[in-house]
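Structure first, commentary second.
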Amino acid sequence: MRGIQLFAANRVLQGIITTIFFFFFLITSLHAQTTISGLVKDETGAPMPAVSIKIQNTNTGVSTDQNGRYQITVPNATAVLVFSYVSYVTQEINVQGRTTLDVALHPVENALDEVVVVGYGTQQKKDLTGAVSVVKTSELTKRQVTTMGEALQGLASGVKVRGGGRPGSEARVEIRGLKNLSGTNPLYVIDGMITTANRDFNPNDVESVQILKDASAAAIYGSRAANGVIIITTKKGAKGPMKVQFSGTTSMQTTPRYKLAQTEEFARLNYMAYDNAGAARQDLDLSQNTDWQDAAFRTGNMQDLNLTFSGGGESGNYLVSGNYFKNDGTVISTGFDRISFRVNTQGTKGIFSIGENLAISNGKADEISGNPIADVVRLLPTIPVYDAANPGGYGYGNERRARTFGSNPVAIADLNDSYNENLRIRGNVWSELKPVEFLKYRFNMGYETSSDHYAHLRKEGNWSLNQEFQPSIADENRARFQSLLIENTLSFNKEFGKHAVNAVVGQTYQRDLYARISGMKRNLVPDGKGGYYSELDQGNEPQAGGYRQEAIILSYLGRIEYSYDNRYLLNAVIRRDGSSRLGRSNQWGNFPSISGAWRISNEKFFQKNWINDLKLRASYGRLGNSTTSADQVGNSSANYWDYLAVINTFSTIAMGKDQLIYPGATQVALVNPNLRWETLTQKNFGIDATLFDNKITLTAEYFIADTKDVLTAMPIALTTGHDGRPPIANAASLKNTGFELSLGYNESSREFKYYVNTNITTLKNKVTSLGYGRNNIFVGNTVTQVGQPAGMWYVLQTDGLFQSQEEVDNYKNAEGTVIQSSAKPGDIRFKDNNGDGQITNDDKVVVGSPWADVELGLNLGASYKNFSLTMNWFGAFGATVYNGYHSLVDRFDDNSNYRAGIQPWTPENPNTDVPRMYYGSTLNSRGDTDRWLESGSFMRLKYLSLSYTLPESWLKRVGFQSGQVTLSGQNLLTFTGYKGLDPEFNNTNIYERGFDNFSYPSLKTYSLGLQFGF
Amino acid sequence: MRRNLHYIIIISFFTLCTGCKKDLLNIENPNTPTTDVFWKTEDDAQRGVNAIYAMFYKPALWSRWIYFRLDLTSDEGFSKSPWVELGDWTRFQYVNYNFGEGNVFTWKDTYKAIFRCNQVLDNVPNIEFANQEDKDKILGQAKFLRALHYYYAALLWENVPLVLKSSQPDDLPLQSTLPEVWAQIEKDLKEALEVLPVAWDDANLGRPNKGSVNAYLARMYMQQHKWAEAKIALDYFFTGEGAGRYSLVSNYQDNFTHTNENNSESVFEIQFSDVNKTPEDADGPSQIMSSQRAQFFAPRSIGWSDGQARYWIVGEFKKENTVDGNLDPRLRYTLFYPALEADFGDKIYGRSWDWDADEAWFRKYARDYFRNNEDYYAQNNFRLVRFADILLLYAEVLNELGNTADAVQYVDQVRNRVGMPALAVNHAEALLGQDAFRERLKVERELELCGESVRWADLKRWGDLDDAGKVQAVAERDPDFKNFVVGKHIRLPLPQIEVLNNPNLKQNSGY
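Heads up: the protein sequence lines correspond to chains W and A, in order.
Take 1 as the starting number for the first sequence in UniProt numbering and just add one per residue.
Take 1 as the starting number for the second sequence in UniProt numbering and just add one per residue.
Rendered as structure tokens:
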């Protein structure tokens, strides 16, 4: 937030010198003068050391001390003091006779002087030639989130985030859309350690976040950067006495709910469905009226407590932080808690510096069981939650009274519970040697390890109709993950007159290891209290398993930045990577990039007062990818040896007179042995402008991204006999073109300060070729074909309902064949697109795209005196999505609950788009029609906060230096026509991106936060 | 000093990285052998062929869903499942051709099995064996099993692609016609017949022998009405090497329990075991080897009850008594029906009849004889072919070849085992002519083999689904056949996803 400590140190030094000069003048002059003193604070209310305070139009100045205090003598009562600090808005204040003057400084939005971490080095923001977003951590840390990714929503253009919702689930972050079909997350670099910012990482420790969005920016991470890079730097201590910061947040969460029928309405509709089908009605238990959403959902809550100690001296600094986070989910028997601890220290002696960052955390998640999001719909209101007559004591479907296979979520939560616990240690040690001013050698060793434990207990008892008998089962697995990173870099940084050269060369090596063992026992010993002795010594029929995974990436990198007279900037990067995950002849890849910028505003011929900065830039770069999403749990080879055909040795057969068990072995899964790098070639054209006294900032970019040989699972013919996830293939090539515009206005020189930032992203994706030389692939209700966006809807078209038998009889093709002869009034009319007189799969057509045309982010902020307000909006427009909820609840052929207020077709009520109720026939309920497609456009208030900075007078009395109270809310308002639970749903299957298959919805969160410093 | 130390560090690391050899990136998979180190030894060959048998245990094949196709789709069974789509696929209401449990999974598992066969047939010839006979036996088993899987594919979809080589990911095989599929099955079975033994030793009991091969040869010929060829295959059991090796067990129930498996009546069985209780469709360690048929077919509140028997079968059994004047004992072991307790004193999984008065469920392979519930781990071997079936097939072949008089004795053998009088006693009219005998034989097969997954093939073979009039007659026993469209529903639609993604495939006609 305060830039880099180096700058602060210089400021301190400058301050001391100026103070000495000032006192010298003070002694020698005999004018009658006024002394003014006061406190300078930052936007969070924390005291700011080393802020420069000058008397306008003089050379006189001082700076604030460690506690943010200053004292200055002014020549007269109308003197104007100028308060300035790097990356903060300079303030000019007339003394007006006051003797105390407290000032709060606010950071400059998109400050050009900002130092940006770009990977293996830093750059000033004004010198950037690639697309890099810097996320304001002041915004970030106010948010109540579990993971880092979630916190990024709405804070940077082109970065799309969908939170997990479930306690402990990880957000999905997509930078500049679909460049990688396998849907892997971006690369996270935390203090130089290449890793993932998963739920074990405490977002409160973040000092700064930069997002490398285009190929030229990310190229330094070469093969690992195809999905963008998020660089996170954790907080460091600053010079001075120990500072203590406390923050605490408590939140309440609610889940969106379906509007479902209660018993009375349900029974009326259900009887109608049976009557229409000529079936005998079920004997519904009308005495029950269960609201399954009440049974399965609850108000969730979160607590997040942080305590940070930091400080430092001349030659070193330290930071120690602790965090406790707890989340009880909105679904019963789900939760997550985390305890984390961090120590960051560094020291310098002469040309040598050393430092470390270390975080230890333990996270434990009580996992969701079954799919309550769907089960609350599948269960009928006439079923009781508890039913002593059933094994296990829970209510569920009944053949005579409630024919549904829906699972009782209360029963599953109790009878089939599991949790995951991870103890993670992550950190790095670095040392730097600066033999001469312009040369620096850095050695960085990162290490991460986690000890993972999964446990599952299946109690005896049932949760659905006619379920098979299962004894009690305990199963556990324990695993260890290790990742070692070794990096050596040498940087050169020197100016020769108007020429400035900054270069870095280096080598990196990273090795990942994962090993797991698992065990399972059945028929446990009951403990007499409704549970079991579930340690694996108990029980019988043991099973054990285990596997190991290993991968290595070896890389060489180099970068040169050159600038001439601050007008012409050039940046070139090359990285060479070798990956063990690829076919042996294709392990190495080269990833070059080049970018340039022209700062027009520094040209002599272009001096306009209203333009503070204007820069044009262009870049070209290539990135790679060798990993695929790890979605095949338990497959020990997936993701690590995708190119190796292996023998599955797990078949067992019974044979012989005594039915002894014999082993079998065979190849089960096919592979593509020649897997090669997925590459992304990106061209980027941008303009950056700062106008009207830095009040308006504008960034516009146009990019063309060609992704070749996307590494992902691609469906193959079932006749191959391949089993499991389809083999990883270089499955497709895609072209993404997009336009990104960020426009900001900020007014910070008055007492009422505000800013408005908008960002708009448009993105078009087009498949340019498919693996195995194919022209199309059909998956579910979608088709992905060359020349079109991926995953287009391919379904039958409906054409309203038949209102009368006459309409049925008159619905004929050109030859006069009645197309739907067996239909009855109230049934759906389908379009016979091929005119053959019948409705078959050949009538399916492409009807829509699951991709949004435009995404819009809107960030607003305002502050007045001690109050400040922040708002983030996010919207996506133009996607067509499949409403999985409607496709279940409006089927009528099967028993599930109905939507409250639904109006099915009846002769008396023909003006509806819902067909007649009909139990037991799928003809009206088929899933492969456009009946379930809807517009997925939405605009959502993702975040709203109101903060109040506590007055100093009050704080002093309790011994604090700073204090702030924040009230905030997430997902408070959504504007959408979509009728599912959440238009911002998440489907990781790239071919079915628009399919809302009961994914966990975004939650509404209300939070109260307190921050104190002393 | 410190500076020197750092130069050493720098130098050592740059040396280290130049020392990084190419093979640093070549990490061996420590978990399992790769294909290029396999298929080298006799043991590899043995394991390879064993893995084919493991396909019987997959849910879409013989542990679960195929019974829906063969038993429930026929006029013996039907579905009242609350899972309507599952039920629709037993009553010719095929809407979504990609429905997994009804169509795609069985198709996929069939080809998974064929891939395993093809691997053995492609790789084992290159392995050196000490004894050529052992090698031939392994190849013979693979050929038999490939033929078996194609036989059921031919019954279900008819026009399936013939995949005869180990697959590659980009394979898009050509479609074959039904006669081409039959020809391939015939070729495989004939080659298997050459090399498989008349009988296996105790350790290998359960692997296909010449009897198993001849049984499927006969079935395959009979589906094509090649009666003379079928007779040659079946002669094996009566005048050939197999004569005297097979006999009917005295207790009819022994054909369906786990207590008397691989008995004298067994021609080919799937060897189920409850030793491994793991998830039902995983290729992981300790793979499941059991059947879930009983869990899916058991009466409501005991099992899923996704399938049950048509009640007309009860009436058919009760038309005739044993020579002692008792009810046909096969009724007792074939069905759960309302009067079971009254007629034979048996409860249903320990309960008295609790269901509708016109309902019945399949009792064969149910485990109520030793437990009061079901699960996914039934261990009773499924008898794919037993000698009683061979006797009735032989009778049918002889009748079709015009030798009705000879045929009668084989039917009588089957009746005699359960105490039923000779055909001549109650069914003299059936002995009068080929057509009358055929009609009686249809009933005899029903009474003896109900619920044993042969009925769908029988209906197809008899032509009972070939014209609307005949289908009407079937529909009187099983109203699901009112949905049956002649020429269309005689075969399943190919999975739509295959037709879309493989341009060489054409959807079956009418779909």
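Note that the Cβ used here is the ideal one computed from N, Cα and C, for glycine as well.
Take the Cβ of residue i as the centre, count every other Cβ of all protein chains shown within 10 Å, and call the residue buried at 16 or more, exposed below.
i: W/D577; result: buried
i: W/M242; result: exposed
i: A/L174; result: exposed
i: W/S315; result: exposed
i: A/W304; result: buried
i: W/T255; result: buried
i: W/R11; result: Model confidence at W/R11 stands at a pLDDT of 48, short of 50, so the residue's coordinates are unreliable and nothing is read from them.
i: W/I16; result: Model confidence at W/I16 stands at a pLDDT of 46, short of 50, so the residue's coordinates are unreliable; what they give is reported in the following sentence. Answer is exposed; the Cβ neighbour count stays below 16.
i: W/T299; result: exposed
i: W/V131; result: The sequence shown places Ala at residue 131 of chain W, not Val. With 16 or more other Cβ atoms within 10 Å, it is buried.
i: W/G222; result: buried
i: W/F24; result: Its pLDDT being 44, under 50, W/F24 is placed unreliably by the model, and the measurement read from it follows with that caveat. Result: exposed.
Once you ignore the five residues that flank residue i on each side, which residues in its own chain have a CB closer than 7 Å to its CB?
i: A/V49; result: V120, I138, Q141, A142
i: A/R64; result: Q292, R293, F296
i: W/N540; result: K521, R522, N523
Whose C-beta lies closer than 6 Å to the C-beta of residue i among residues of the same chain, with five residues either side of it excluded?
i: residue 1023 of chain W; result: The structure shown does not extend to residue 1023 of chain W, since chain W spans only 1 to 1014, so no value can be given for it.
i: W/L856; result: I760, G875
i: A/I497; result: N98
i: A/P197; result: N209
i: W/M871; result: L860, L944
i: A/D346; result: L340
i: A/W39; result: N123
i: A/N426; result: E320
i: W/N94; result: V80
i: A/E439; result: none
Can you pull the DSSP bridge partners for residue i?
i: A/G77; result: A/A309
i: W/H499; result: W/F496, W/Y564
i: W/D417; result: W/L457
i: A/W304; result: Answer by DSSP bridge pairing: none, since A/W304 is not bridged.
Going by beta carbon distance, what residues of the same chain come within less than 8 Å of residue i, once the five residues before and after it are set aside?
i: A/K112; result: M55, K58
- Query: Can you find at least 3 beta carbon pairs, one from the segment 663-677 of chain W and one from the segment 578-585 of chain W, that sit closer than 8 Å?
  - Reply: yes
Can you give me, in chain order, the residues of the segment 289-303 of chain A that have a beta carbon less than 7 Å from any beta carbon in chain W? M289, Q295, R300, S301, G303
message = If the cut-off is 9 Å on Cβ atoms, which residues from the segment 356-384 of chain W count as contacting chain A, listed in chain order?
response = none
### Query
Quick check: the segment 821-841 of chain W against the segment 729-749 of chain W, are there 3 or more CB pairs under 8 Å?
no
query = Using a Cβ cut-off of 9 Å, which residues of the segment 118-130 of chain A contact any Cβ in chain W, in chain order?
reply = Within the segment 118-130 of chain A, the residues whose Cβ lies closer than 9 Å to any Cβ of chain W are, in chain order, N118, Q119, V120.
Taking Cβ-Cβ distances below 7 Å as the criterion, which residues of the segment 828-839 of chain W are in contact with chain A?
-> none
Using a Cβ cut-off of 9 Å, which residues of the segment 453-468 of chain A contact any Cβ in chain W, in chain order? Correct list: empty, as no residue qualifies.
**Prompt:** Along the segment 227-242 of chain W, what residues have a CB closer than 9 Å to any CB found in chain A?
**Reply:** none
Notebook entry, point to check: Is the number of C-beta pairs between the segment 981-990 of chain W and the segment 947-964 of chain W that are closer than 8 Å three or more?
Noted result: no
Can we say the segment 815-833 of chain W touches the segment 789-801 of chain W, given the rule of at least three CB pairs closer than 8 Å?
yes
- Give the residues from the segment 184-213 of chain A that approach chain W closer than 8 Å (Cβ to any Cβ), ordered along the chain. Listed in sequence order: D202, A203, N204, L205, G206, R207.
Listed in chain order, which residues of the segment 349-373 of chain A have Cβ atoms closer than 8 Å to some Cβ of chain W?
N373
* Asked: Hey, is the segment 203-217 of chain W in contact with the segment 618-628 of chain W, meaning 3+ C-beta pairs nearer than 8 Å?
  -> yes
>> Is it the case that the segment 395-403 of chain W contacts the segment 330-342 of chain W, given that we only count it when at least three CB pairs across the two stretches are under 8 Å?
In response: no
Which residues of the segment 247-261 of chain A have a Cβ closer than 7 Å to any Cβ of chain W? Give them in chain order. none
- Got a sec: which bits of the segment 762-791 of chain W sit with their beta carbon under 7 Å from any beta carbon on chain A, in order along the chain? Y772, I777, F778
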